[in-house]
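For our numbering, count along the sequence shown from 1 and bump the result up by 638.
The beta-carbon is built from N, C-alpha and C at its ideal position, and this holds for glycine as well.
Small disclaimer: the values here were computed from a predicted structure and weren't measured.
Let me begin by presenting the structure, written as structure tokens, before commenting on it.
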Amino acid sequence: MARRQFNNRLNDLDTKTWLKFQKSWFVHNPPPRRKDVLRHPAKFPETLSQEFIEFFTKRGGVVLDPMAGTGSALVAALRSGRHSYGIELNPAYAAIARQVVSEERSLLGEEVCELAAEIIQGDAADITRLAANHKLPVVDYVLTSPPYWDMLHAHGAQTQNKRRLSQELDVFYSDDPADLGNMSDYGEFLRKLLVIYVGLKPFIKPGGYMTVIVKNVKKGGKMYPLAWDLASQLSQFYTLKDERIWCQDNQRLAPYGLGSAWVSNTFHHYCLQFRNEGG
639 MARRQFNNRL
649 NDLDTKTWLK
659 FQKSWFVHNP
669 PPRRKDVLRH
679 PAKFPETLSQ
689 EFIEFFTKRG
699 GVVLDPMAGT
709 GSALVAALRS
719 GRHSYGIELN
729 PAYAAIARQV
739 VSEERSLLGE
749 EVCELAAEII
759 QGDAADITRL
769 AANHKLPVVD
779 YVLTSPPYWD
789 MLHAHGAQTQ
799 NKRRLSQELD
809 VFYSDDPADL
819 GNMSDYGEFL
829 RKLLVIYVGL
839 KPFIKPGGYM
849 TVIVKNVKKG
859 GKMYPLAWDL
869 ASQLSQFYTL
879 KDERIWCQDN
889 QRLAPYGLGS
899 AWVSNTFHHY
909 CLQFRNEGG
């Protein structure tokens, strides 16, 4: 009996690579950050972005990152042969992202000359107006990692902030009141984040996926289940298909609560996979 032909409608991967990605957890320790993007306090790794983009799209597909930062997802999309668009609130980061994308284009040369890779400076909550002004097409895939609430302002971040300030690097995303990373009320933060992600739905093709990479956060001796809250509430608008757990095993342990209380060192993130079923 002849072997059934593998009909891959989602991506361009072979069966071995497909199966490897289906593992529910993975370890990824990103390479050192380039000096020109160190200014951003929570840059997302291009290497990880590329793995997700290549699984959830085919070559020539369209990727959107509504919180683009310094352009990691767009760089990964170029390397993968995909069109890409990014929305970034902070004008300084948008400018860095454009420079980074331009440099990546130069490195990759002719093979990416026909690929769109556009950074749109603005608030993702205003997606309808931004999409009209910039002729944003319907996209195949959304890859996004939001601010982890206002944790950059938290007491526990002070040591890292002092080190970054000494190097003249940013310790917060911006001073814009619309910046989700500046909202101290968890309920308000979650509501506004949901508005952004639900607002993306008309711009994702039916059957297209959205990956939200996020983790639960601790503040004031209490855990706030950000990943779980997003999974639950976004499930009212998208189909929650699955999760992958991104583990980092190269982080230094800190003695939180040593001798008195249980406080974990949190070195994992949830990669939540949602599907736009249309309608």
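When the options are compared against residue i, the one with the closest alpha-carbon
i: E748; options: A733, A730, L716 and V777; result: L716
i: V738; options: R720, V713 and A730; result: V713
i: W884; options: D652, F682 and N649; result: F682
i: K773; options: C909, T782, G724 and A735; result: G724
i: P978; options: T708, T685, W663 and W656; result: Residue coverage of the chain in this structure runs from 639 to 917, which leaves residue 978 outside it and unanswerable.
i: T653; options: F693, S662 and F664; result: F693
i: G819; options: A733, Y786 and L872; result: Y786
i: R743; options: I765, L648 and S718; result: S718
i: N771; options: I758, A763 and T708; result: I758
i: E756; options: E726, L745, R647 and Q874; result: E726
i: V901; options: Y908, H907 and P893; result: P893
i: D703; options: E689, L745, F690 and L781; result: L781
i: K856; options: S898, S873 and F905; result: F905
i: R890; options: N667, G825 and R647; result: N667
Local Cβ density within 10 Å of residue i, reported as buried at 16 or more and exposed below that
i: D887; result: exposed
i: N728; result: buried
i: Q643; result: exposed
i: M918; result: Nothing in the structure corresponds to residue 918, since the chain is present only between 639 and 917.
i: Q660; result: exposed
i: M705; result: buried
i: A816; result: exposed
i: D880; result: exposed
i: Q911; result: buried
i: A735; result: buried
i: L918; result: In the structure as shown, the chain begins at 639 and stops at 917. Residue 918 is therefore absent and cannot be evaluated.
i: N649; result: buried
i: C751; result: exposed
i: S710; result: buried
i: G916; result: exposed
i: Q688; result: buried
Extent of the continuous alpha helix (DSSP H) to which residue i belongs
i: Y625; result: Because residue 625 is not part of the residues shown, which for the chain are 639 to 917, the question remains open.
Residue i, enclosing beta strand (DSSP E) - first and last residue
i: L686; result: No beta strand (DSSP E) holds L686; the alpha helix (DSSP H) holding it covers E684 to F694.
i: F927; result: Shown here, the chain extends from 639 to 917; a query on residue 927 therefore has no answer.
i: P844; result: I842 to V852
i: V701; result: V700 to D703
i: L781; result: V777 to T782
i: W663; result: W663 to V665
Contact belief for residue i with residue j at Cβ below 8 Å, rounded distance in angstroms
i: D778; j: V836; result: With 8 Å as the limit, D778 and V836 do not qualify as a contact, their Cβ atoms being about 19 Å apart.
i: L838; j: M848; result: 7 Å
Which ranges does the alpha helix (DSSP H) cover as unbroken runs of at least 4 residues, wholly within the region 857-916, from first to last along the chain?
-> The qualifying runs are 864-872.
Length-filtered (4 minimum) alpha helix (DSSP H) runs lying within the region 705-765 = 710-718 and 729-746
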